[in-house]
Amino acid sequence: MSSSSFTSSYINQEDNGVQMEKNDDEAASEEPELENRENVQEPQVGMTFNNIDEIVVYYREYGKQLGFPVRKRTSQKGDEGELKYVTISCGRECKYKSKSSNVLKPHPSIKTGCKARVRAGILLDGRWQINSIKLDHNHDMSPTKARYFRCHRTISSDMKRRIELNDRAGIRLNKSYNSLVVEAGGHENISFLEKDCRNYIENVRRLRLGEGDATAIQTYFLNMQAQNSNFFYAIDLDQDGRLRNVFWADARSRAAYEEFGDVVTFDTTYLTNKYDMQFAPFVGVNHHGQSILLGCGLISSEDTNAFIWLFKSWLACMHEHAPRGIITDQDKAMKNAIGIIFPNTRHRWCLWHIMNKFPSKLNRYKQYESIMYALQSIVYGSLEKVEFEEGWDEIIEKYELQDNEWLAGLYNERQRWVPCFVKDSFWAGMSTTQRSESMNAFFDDHVNSKTTLKQFVEQYENALKVKVQKEKQEDFKSSSIGFDCGTHYNMEKQAQEVYTISKYKEFHDELIGKMYCDYVSHKVNAANFEYQISEDFMMEGKKKRLYFKVWLNEDDNEVRCNCRMFEFRGILCRHTIYVFLHHNIDLIPEKYIMRRWRKDVKRCHTRIEINYESCSLTPEAQRCHKMQKAFDEIKELANDSDNKCMIVMTWVDNSPIGRNTENDVSSIPNPSQRILTPLAARKKGRPPFKRRKSQLEQAVRKKQDSKKKKQESNKKIKSCGNNTNGEKELNVCN
């Protein structure tokens, strides 16, 4: 049977033919349009095909019709590397061997050892012919369920484009997928699942360094700096002229650092597995308790040198004013760089990351659950350093954990993560890098599919605008919205007048929590009082009682509690409130109202507008935006009357602009001038991401390359390169 009759003979359809060839750049999942076709002919020995792709597509459609998966099993090559034989089998062949570390929880598998397959070989004229077949399967088959097999799930190019556009518009993927399902008339009429859409978007949402991209970024930064001289950026190039690291901070972030730069979180885990470069934001907390950006970096590696460069750039940006505290994960390179650049900064580790590692590090012990409970109790329940150290030693000795090097390392670094060791410093209530991670998730909404590095930097402004808008909304609420006090205490009314809404709510919770506190005893030494206060709380459904010590100097109202909530969060705890009220101190002393939480403070960063749109718009785009705004106003004025609408339409039809467009064409700049990408001699940065090709594509490509090499065997290949010597670094700041 000839290949020319492939379509009409193997698939009973009236179409005269189907384009079976694909470009190498097309996605592997885009098959020839066979999806709606039925009655695929049963395989027979002697069937011929133009190429190996036709065989795979044919047998896949046959499998979809009967209800079994298909995979290309084996192939044999000749002496020169060309394919000679191929076996395409049922996807449920072979016996599955579980690789699970837990034999009681093996991984699921569809493998049943099925022997159904077809085997084909190449003919002298280059066509392929089926030589042998096995049609019997050892498992049930369901055509209605065939669409769930991975080999039968495909996303067309049109669907891909719509998914990408929706993603760019910020539409959540589940809503985008549901709209496609409704349009198709049900899940059974769509050829892919929601997780396929998710995998596709994850695959294309990558930062790519294009040719001349570093130069384009520099130009973009210079334009933004021209708009506001306080914009700061730094670009680091390696010795070959490739972009290695980049850092930038807008004028508002630099001004906000003066108010809220005392404590920052720094995290680089977000883009590790998704992008070519790691996104490294410096995140702080504003007066509403919201996360704010204090600078951003993109680094190509996570070694000490990269972090040193980034921290140096950030420190120069912030006028050599280092933060008082910084929270990171347990990265050694990060720790080394912080010790070098910020020697006087208090460095603590993310508590959540550490506690989250306990199960994987301790689950091999028989008394694992008891060990976990004891460690969590001592970590979270210790109020004093000595209490923690003694309790830790008891746990190590009781459960014979002396040989656990990981626990020993944690104990040696206890001053970096144990709450009772770090709560003597102000951390704005932060104990984890969750602020950075939430900022990363926020940026995820503003990174479009196939975003280039330069476009990502441009999206920074969009993300920042949203955060600024949320801060302004909270400023408005704090200045305009009031609450009825829940108690009759004057200090609650005072807190409502001075604190932002979020901080007033925190204080209100502590004031209400006073009802769970009770007096136990006290000591007096002149004007100095030492109180012991009990607090009842629920833990795992059981009532617990803890005892706290509060020291008060009645002369100057100096107060301190060993829970250290004020030192840690800047809000008075319920224990100190109890003691204040016991001494008839009805108002919060001014020294215990932190400036950073007040709503009646005029902060300089709030007067700085974020507007760099002109940096990314061509003159044509700016004119279009200006005219669109004016036309929208005219449309609103004329929309309520047919007579007004007719007047506007008549004016448009009779406008001389439409007749004289040719005279103005030369004044409209080429839109391609928006991004100035010079003809670089060599590419900067990493090569563009390439999807992983299937074995079938690799085999076809190898065959094509082999033929090409034969044709060019007598030709000399000349290569030229551009040598860029010396390590380059560019810093532009004010």
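Residue numbers (my numbering): 64 to 797. For each residue, glycine too, the CB sits at the ideal point set by N, CA and C.
- Item | Distance between M397 and S364 (C-alpha atoms, nearest Å) | 11 Å
- Where does the unbroken alpha helix (DSSP H) through Y125 begin, and where does it stop? I115 to L129
- Between which two residues does the beta strand (DSSP E) containing R136 stretch? V133 to K140
- Task: Just the C-alpha distance for L306 and I298, rounded to the nearest angstrom, thanks.
- Result: Distance from the CA of L306 to the CA of I298, rounded to the nearest whole angstrom, comes to 7 Å.
- Inter-residue Cα distance where the pair is F284 and Y523: 12 Å
- Message: Considering only their Cβ atoms, is the gap separating A343 from G360 smaller than 7 Å?
- Response: Contact: yes.
- Item | Same chain, Cβ closer than 6 Å to A319, five either side skipped, listed in chain order | I355 and H668
- Message: Measuring only the C-alpha atoms, how far is N553 from G576?
- Response: 16 Å
- Item | Within 7 Å, strictly: CB atoms of Y579 and Q595 | Not closer than 7 Å, so no.
- Give me the Cβ distance between V348 and I389, rounded to the nearest whole Å; I'm assuming they're in contact under 8 Å. Actually they are not in contact, since the Cβ atoms of V348 and I389 sit about 13 Å apart, beyond 8 Å.
- Message: Helix, strand or coil for A379? Go by DSSP, reduced to three states.
- Response: Reduced to three states, the DSSP call for A379 is helix.
- In or out: L373 buried (at least 16 other Cβ within 10 Å) or exposed? buried
- Grouping DSSP H, G and I as helix and E and B as strand, with all else coil, what is A247? helix
- Message: Quick test of the definition: if touching needs 3 or more C-beta pairs under 8 Å, does the region 415-426 touch the region 449-460?
- Response: no
- In whole angstroms, what separates the C-alpha of K697 from that of N706? Before going further, note that residue 697 is Ile rather than Lys in the sequence given. The alpha-carbon atoms of I697 and N706 are separated by roughly 14 Å.
- Task: List the whole-angstrom C-beta distance separating E799 from H351, where the pair is believed to meet the contact cut-off of C-beta under 8 Å.
- Result: Given that the chain is displayed from residue 64 to residue 797, the structure contains no residue 799 and the question cannot be resolved.
- Message: Taking the straight line between their C-alpha atoms, what separation do you get for A526 and A385?
- Response: 25 Å
- In terms of DSSP beta bridges, what is I596 paired with? Y582 and F611
- Item | Opening and closing residue of the alpha helix (DSSP H) in which Y320 lies | A314 to F323
- Counting along the chain, where does the alpha helix (DSSP H) carrying P482 start and finish? Unbroken alpha helix (DSSP H) run through P482: P482 to V485.
- Alpha carbon to alpha carbon, how far is K556 from S543? Give it in angstroms, no decimals. 15 Å
- Query: If W412 sits next to W490, beta carbons under 8 Å apart, how far is it from one beta carbon to the other, in whole angstroms?
  - Reply: Rounded, the Cβ-Cβ distance is 12 Å, inconsistent with contact.
- Under a Cβ-count criterion, where at least 16 other Cβ atoms within 10 Å of its own Cβ denotes burial, should P106 be classed as buried or exposed? buried
- Can you tell me the Cα-Cα spacing of T391 and C153, whole angstroms? 50 Å
- Message: Tell me which residues share the same chain as K448 and place their Cβ nearer than 7 Å to its Cβ, disregarding the 5 neighbours each side in the sequence.
- Response: C483 and F484
- Distance between K665 and N368 (C-alpha atoms, nearest Å): 39 Å
- Reduced DSSP secondary structure (H/G/I, E/B, other) of M110: coil
- Message: To the nearest angstrom, how far is the alpha carbon of M193 from that of G249?
- Response: Correcting the residue identity first, residue 193 is Ile in this sequence and not Met. Rounded to whole angstroms, I193 to G249 spans 37 Å at the Cα level.
- Span separating the alpha-carbon of P750 from that of N252: No answer about P750 holds up, because its pLDDT of 41 lies below 50 and its placement is not dependable.
- Query: With distances taken between CB atoms, is the gap from A589 to N616 smaller than 7 Å?
  - Reply: no
- Item | Nearest residue (CA-CA) to Y296, options G304, W311, T217 and A289 | W311
- Counting only beta-carbon atoms, is R608 nearer than 7 Å to chain D? As a matter of chain content, chain D is missing from the structure shown, which is built from one protein chain.
- Item | Span separating the alpha-carbon of Q559 from that of E537 | 14 Å
- With distances taken Cα to Cα, identify the nearest neighbour of I234 among R261, A209 and P132. It is R261 whose Cα lies nearest to the Cα of I234.
- Provide the residue span of the alpha helix (DSSP H) that contains H645, from first to last. R637 to H645
- CB of T137 within 7 Å of CB of R180, strictly: Not in contact: T137 and R180 (Cβ atoms no closer than 7 Å).
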